[in-house]
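Undergrad: Below are the structure tokens for one structure; questions will follow.
2 protein chains.
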Amino acid sequence: MVQKKDTAKTERGGAQRRFSLDRIKIPKAADVLASHLRDEIVQGRIANGEMLPNERELADNSGLSRSSVREALRMLEIEGLLVTKQGRNGGSMVCQPSRDTIVKTVNLYISSRKTRLSSLVEARSAIEPSAAMLAARYRTAEDVEAISAHHQRLLDNLDDLDGFLRANIDWHMAIVHASHNDLLIAFMESIAQSVYAVTNVENLNPEGVRQKVAKVHGLITDAIKAGDPAEAKRLMDRHVNAYAEHIGMTA
Amino acid sequence: MVQKKDTAKTERGGAQRRFSLDRIKIPKAADVLASHLRDEIVQGRIANGEMLPNERELADNSGLSRSSVREALRMLEIEGLLVTKQGRNGGSMVCQPSRDTIVKTVNLYISSRKTRLSSLVEARSAIEPSAAMLAARYRTAEDVEAISAHHQRLLDNLDDLDGFLRANIDWHMAIVHASHNDLLIAFMESIAQSVYAVTNVENLNPEGVRQKVAKVHGLITDAIKAGDPAEAKRLMDRHVNAYAEHIGMTA
DNA sequence: TTTGCTAATTGGTCTGATATATTTCATATT
DNA sequence: AATATGAAATATATCAGACCAATTAGCAAA
Chain A
15 MVQKKDTAKT
25 ERGGAQRRFS
35 LDRIKIPKAA
45 DVLASHLRDE
55 IVQGRIANGE
65 MLPNERELAD
75 NSGLSRSSVR
85 EALRMLEIEG
95 LLVTKQGRNG
105 GSMVCQPSRD
115 TIVKTVNLYI
125 SSRKTRLSSL
135 VEARSAIEPS
145 AAMLAARYRT
155 AEDVEAISAH
165 HQRLLDNLDD
175 LDGFLRANID
185 WHMAIVHASH
195 NDLLIAFMES
205 IAQSVYAVTN
215 VENLNPEGVR
225 QKVAKVHGLI
235 TDAIKAGDPA
245 EAKRLMDRHV
255 NAYAEHIGMT
265 A
Chain B
15 MVQKKDTAKT
25 ERGGAQRRFS
35 LDRIKIPKAA
45 DVLASHLRDE
55 IVQGRIANGE
65 MLPNERELAD
75 NSGLSRSSVR
85 EALRMLEIEG
95 LLVTKQGRNG
105 GSMVCQPSRD
115 TIVKTVNLYI
125 SSRKTRLSSL
135 VEARSAIEPS
145 AAMLAARYRT
155 AEDVEAISAH
165 HQRLLDNLDD
175 LDGFLRANID
185 WHMAIVHASH
195 NDLLIAFMES
205 IAQSVYAVTN
215 VENLNPEGVR
225 QKVAKVHGLI
235 TDAIKAGDPA
245 EAKRLMDRHV
255 NAYAEHIGMT
265 A
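Protein chains in written order, with the working numbering: chain A, 15 to 265; chain B, 15 to 265.
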């Protein structure tokens, strides 16, 4: 009986052999409008900062109802392409998606799939050494200042685990920012909180570890200051993989 | 006159000194509901695959109108947390965001900010060597088979630029997939199309280049087959940076 | 068993009214 | 003259209720 049902299902759901048409997609009004506007925005036909027509106008022009228009606007808003303001002179303004849009998306992905810590650590190990290399190449005076400040704060907090942890992550992120690569920054911002929140508490507790970490941070800071990409990368690679080994990579 | 107006604006918009309340945020109904549902989903209180109550019920329960409920659902749908089906037994089903959600978000970011090619290349240079390393460590028999097949296709298309390009990107992505790291896969899928579409055509044209590329690919394929992470990483690092040098990194 | 009809259920869309936020501008106040 | 104050104007925000359209369950007929 089960078999019978299965067969029936297979025949309806599966390919009919003769023309295998794969699941016709019926577009919804809001989706169509959203796609249209998205295109206009991405192609630059609606400039950044420009205002969209108001909802009633959009509804009239498109022939859709205001509710459909509004659903489309909400979608684009979530995508980070619009900001909407209420009131006179309000409306929907076109804007560029910020890194935050990526961060939120990746964080949703990570938390709803309960991504293993080891995956996050692997991703970090991929990104940070390269970021350090780029930082050594492209750092500005302000970058160096920020990195040094966080490093100093680390040194000042050798005895305060909590302060040490915050200074640690700030230093790491300052380096990533100094890479001036928006994608790497976004990727790293997406995973930093999760990865550091867990790994640090477990690993930085033992006496002496914090001193060692501080010393390596000093070397990396110097390499970036000195503008030595290869050395910055090499040291950072060793640094993050030292973490990885401590953790055991099997978590 | 301008000064006068500026002063007035500053006094209204700026801090009043006494209690400095910073821009009260008035939450919108749809946002509130969306946040609530998002929490329920991420926290796992609504299981994956479970159906939400239908729209009318959600409206009744929450005390909101159906339009507000629908706006909230559209938002969560864009975030990849829901899929909605029409008809009897239809409704909104909870699901996990797919890599595709990340890919779309990053691609919007890249294209609407006209991210420089050099940034994409830098990001790739960060990801691919690590991915190759992980691939050598975690590859399955199927992974090896896929990588080898794409490599063979590359060898078969040394004279057909177009076929060569397709085999090239497929090989690269097969390696990234063999890393079995969803984040690296997502990041790489996000940038691969853009980066390979541009860099390849310019750089793989000259006679002899394709032969060299094929040779290196062979070595990397072997390292992954052999399960040699360090070697796979070293070779891939050289490989992608060879590209980078050809391009000039200033594009 | 298969096919086709019918009804039930659910999302999709539209209309139009009202509420609320925000700016503009004229007016009153100091 | 500078500054509150308040009414009007103009957006979005929200709601209520109707009807359309897709999909499925269940029954009936071939």
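By construction, the Cβ of each residue, glycine as well, lies at the ideal position given by its N, Cα and C atoms.
Just so it is clear, the structure is predicted and the values come from calculations on it, not from any experiment.
Using a Cβ-Cβ cut-off of 8 Å, state whether VAL111/A counts as contacting chain B.
TA: Contrary to the premise, residue 111/A reads as Pro rather than Val in this sequence. Yes, because at least one Cβ of chain B sits closer than 8 Å to the Cβ of PRO111/A.
Undergrad: Counting only Cβ pairs nearer than 8 Å, list the residues of chain B close to VAL56/A.
TA: Correct list: LEU122, SER125 and SER126.
Undergrad: At 3 residues or longer, what runs of the beta strand (DSSP E) sit wholly inside the region 167 to 194 of chain A?
TA: Fully enclosed beta strand (DSSP E) runs of 3 or longer: not present.
Undergrad: For chain A, check one thing: does any of its Cβ atoms lie closer than 8 Å to the Cβ of ASP157/B?
TA: Closer than 8 Å: no.
Undergrad: Pull up the distance between the alpha-carbon of LEU95/B and that of VAL223/A, whole angstroms please.
TA: Going from the Cα of LEU95/B to the Cα of VAL223/A covers about 41 Å.
Undergrad: Across which residues does DSSP place LYS281/B in a beta bridge pair?
TA: As shown, chain B starts at 15 and ends at 265. That puts residue 281/B outside it, with no answer to give.
Undergrad: Considering only the beta carbon of each residue, do LEU134/B and VAL209/B sit closer than 8 Å?
TA: Result yes, Cβ atoms of LEU134/B and VAL209/B sit closer than 8 Å.
Undergrad: Alpha carbon to alpha carbon, how far is VAL97/B from PRO111/B? Give it in angstroms, no decimals.
TA: If I take the Cα positions, the gap works out to 10 Å.
Undergrad: Just the chain B side, please: which residues come within less than 8 Å of THR129/A by C-beta, in chain order?
TA: Neighbours of THR129/A on chain B, chain order: ASP196 and LEU197.
Undergrad: Compute the distance between the beta-carbons of MET89/A and ILE199/B, then report whether it is under 8 Å.
TA: No, the pair does not count as a contact, with Cβ atoms beyond the cut-off.
Undergrad: Out of SER49/B, ARG113/B and TYR123/B, which has the shortest C-alpha to C-alpha gap to LEU197/B?
TA: LEU197/B has its Cα closest to that of ARG113/B, out of SER49/B, ARG113/B and TYR123/B.
Undergrad: Beta-carbon of SER211/A versus every beta-carbon of chain B: anything under 8 Å?
TA: First, the amino acid is wrong: residue 211/A is Ala here, not Ser. It does not; no Cβ of chain B falls within 8 Å.
Undergrad: Suppose you measure from the CA of GLY177/B to the CA of GLU159/B; what does that come to, to the nearest Å?
TA: Rounded to whole angstroms, GLY177/B to GLU159/B spans 19 Å at the Cα level.
Undergrad: Could you run through the region 230 to 246 of chain A and flag, in chain order, every residue whose CB is less than 8 Å away from some CB of chain B?
TA: Listed by position along the chain: nothing, the set is empty.
Undergrad: Within 8 Å (strictly less), CB to CB, does THR119/B reach chain A?
TA: Closer than 8 Å to some Cβ of chain A, the Cβ of THR119/B qualifies, so yes.
Undergrad: Are the Cβ atoms of LYS7/A and SER144/A separated by less than 8 Å?
TA: Outside the displayed range of chain A (15 to 265) lies residue 7/A, so it cannot be described from this structure.
Undergrad: At a cut of 8 Å, does the region 120 to 136 of chain B reach the region 179 to 186 of chain B through at least three beta carbon pairs?
TA: Because the criterion of three Cβ pairs below 8 Å is not met, the region 120 to 136 of chain B and the region 179 to 186 of chain B do not touch.
Undergrad: By the 7 Å beta-carbon criterion, what residues does the region 62 to 85 of chain B contribute toward chain A?
TA: Listed in sequence order: SER81, ARG84 and GLU85.
Undergrad: Can a CB atom of chain A be found closer than 8 Å to the CB of ILE189/B?
TA: False, the Cβ-Cβ gap to chain A never drops below 8 Å.
Undergrad: Is the shortest distance between the beta-carbon of MET250/B and the beta-carbons of chain A less than 8 Å?
TA: No, MET250/B lies away from the interface with chain A (no Cβ there is under 8 Å from its Cβ).
Undergrad: What number of angstroms, rounded off, separates the C-alpha of GLY63/B from the C-alpha of CYS109/B?
TA: About 6 Å.
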